[in-house]
Amino acid sequence: MAAKVSTAYFPTDYPALMTIRRVAVIGAGTMGSGIAQVSAQTGWDTRLFDAFPDSLENGMEKINEFWDKGISKGKTSPQQKEIWSANLRATSEMSDAVEDSDIVIEAVPERMELKRSIFNELEGLAPSSAILATNTSGLPISEIASHTGCPERVIGMHFFNPVPLMQLLEIVRHELVDESTVSTAREVGEAMGKTTIIVRDIPGFATSRLGVVLGNEAIRMLAEGVASASDIDTAMRLGYRHPMGPLELSDLVGLDVRRDILNSLADAFDDESYRPHPLLSELVDSGYLGKKTGRGIYDWTSGEKVERE
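Just so we're on the same page, this note's numbering is the position in the sequence shown counted from 1, plus 80.
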């Protein structure tokens, strides 16, 4: 008897929006590849772009590994992977990626100048009707939108890592965005199987502001010897029913991402209490960025989370 295939982790039961035919994802890192994967699974023609061939190759490999793992666990089937793979194509040309796209989702590193530059380029390459979304986890959407001639089409779509498994999508609206852009972005997220929330364009939005403050305080506690990393995480998982402890989550998100958001909040609110704890800055400066580099607060080199000595 064939094993029953579960689609719990894949948004196959959600009808794709008729108004969305092609999705372009800019940046093939952890977030970009995850967004492209879910888009392809939703049934949309999806193009994944990255300017660096190695990053593009790695991103496509991550997607294939995820699908293969799902097959090995009986959560999906080879036939599903075949269909999804046909929906996805990698390209090293931005113009090719965004041609005829209905929505473009940018997922490059959290540097404002880089994002502004990309959106300026997207404005000239993408169709004039396309929604231009940024996956930033904390940078002001208005500062990105204001450097384009089409701020009404620019919106924040903050996905969470790992994108194929995390249900939340934070949609960030700024003062000049058109209501149709907001509603379409929300419908896109729901078609992907996400639960959407709408937040104002305030530094750190809702989730990042809360998450980084909790993570920074957990790092402070670790530095002060209050408890081990695993015990601090266990305290939040069992005591407050968090699905993951703040230190493990920081490693998963990326310690460099967490540091940059904290510095942005400190500058935006003129409040030094948001500054990253010195231990966090020390880890980032040493190249220990979390799971993506194999070491962070924990040691991930074995593929499993191990308490660092």
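Backbone N, C-alpha and C define an ideal beta-carbon position, used for all residues, glycine too.
Can you give me the C-alpha to C-alpha distance between residue i and residue j, rounded to a whole angstrom?
i    : j    : result
L329 : S222 : 28 Å
I377 : L219 : 25 Å
Y94  : P242 : Summary for Y94: the model assigns pLDDT 45, below 50, so the residue's position carries little reliability, and this model does not support an answer.
A286 : I278 : 9 Å
G295 : E137 : 32 Å
S172 : R375 : 30 Å
L194 : D313 : 34 Å
T214 : H238 : 7 Å
T110 : W164 : 18 Å
K155 : F349 : 45 Å
L205 : I100 : 18 Å
N144 : L168 : 11 Å
M148 : D365 : Note that residue 148 corresponds to Asp in the displayed sequence, not to Met. Cα-Cα distance, rounded: 35 Å.
V178 : L327 : 37 Å
R339 : E190 : 11 Å
V262 : S382 : 42 Å
S208 : F132 : 27 Å
R196 : P323 : 35 Å
S217 : Y320 : 24 Å
I299 : E389 : 15 Å
I183 : S260 : 13 Å
L345 : M192 : 14 Å
D347 : E362 : 20 Å
A166 : T122 : 12 Å
S157 : Q117 : 15 Å
D258 : C230 : 10 Å
L401 : N200 : Because the chain spans 81 through 389 in this model, residue 401 falls outside it and cannot be assessed.
S175 : E304 : 51 Å
F240 : I251 : 12 Å
Spell out the partners DSSP gives residue i in its beta bridges.
i    : result
V103 : T126, I183
M238 : According to the sequence as given, residue 238 is His; it is not Met. DSSP lists E250 as partners of H238.
V262 : For V262, which the question treats as bridged, DSSP gives no partner whatsoever.
G278 : Just to set this straight, residue 278 is Ile in the shown sequence, not Gly. I251.
I211 : I183
T171 : F129
Would residue i count as contacting chain B if we go by Cβ distances under 8 Å?
i    : result
L248 : The question asks about chain B, but that chain is absent: this structure has only one protein chain.
With DSSP run on the structure shown, which of helix, strand or coil describes residue i?
i    : result
Y368 : coil
I221 : helix
E193 : helix
G383 : coil
K161 : helix
L329 : helix
S86  : Because S86 sits at a pLDDT of 37, beneath the cut-off of 50, its placement in the model cannot be relied upon, and the following sentence gives the value as read from the coordinates. S86 falls in the coil class under three-state DSSP.
L245 : coil
R375 : strand
A286 : coil
E270 : helix
K153 : coil
S361 : helix
E389 : coil
P356 : coil
T314 : helix
T228 : coil
E145 : helix
V292 : helix
R321 : coil
E137 : helix
D470 : Because residue 470 is not part of the residues shown, which for the chain are 81 to 389, the question remains open.
A116 : helix
Determine whether the beta carbon atoms of residue i and residue j lie at a separation below 8 Å.
i    : j    : result
E232 : L212 : no
R253 : R289 : no
Q247 : T264 : no
S181 : A225 : no
P283 : F146 : no
E384 : A309 : no
G405 : A187 : Absent from the model: residue 405. The displayed extent of the chain is 81 to 389, so no value can be given.
K142 : I151 : no
A120 : M140 : no
L51  : D336 : In the structure as shown, the chain begins at 81 and stops at 389. Residue 51 is therefore absent and cannot be evaluated.
Requested in this report: Please confirm if the stretch 103-112 is in contact with the stretch 126-144, defined as three or more CB-CB distances below 8 Å between the two stretches.
Outcome: yes
Query raised in the report: Just checking, does the stretch 256-270 make contact with the stretch 321-340 on the three C-beta pairs under 8 Å criterion?
Result: no
Query raised in the report: Are there three or more Cβ pairs, one per stretch, closer than 8 Å when the stretch 311-327 is compared with the stretch 354-367?
Result: no
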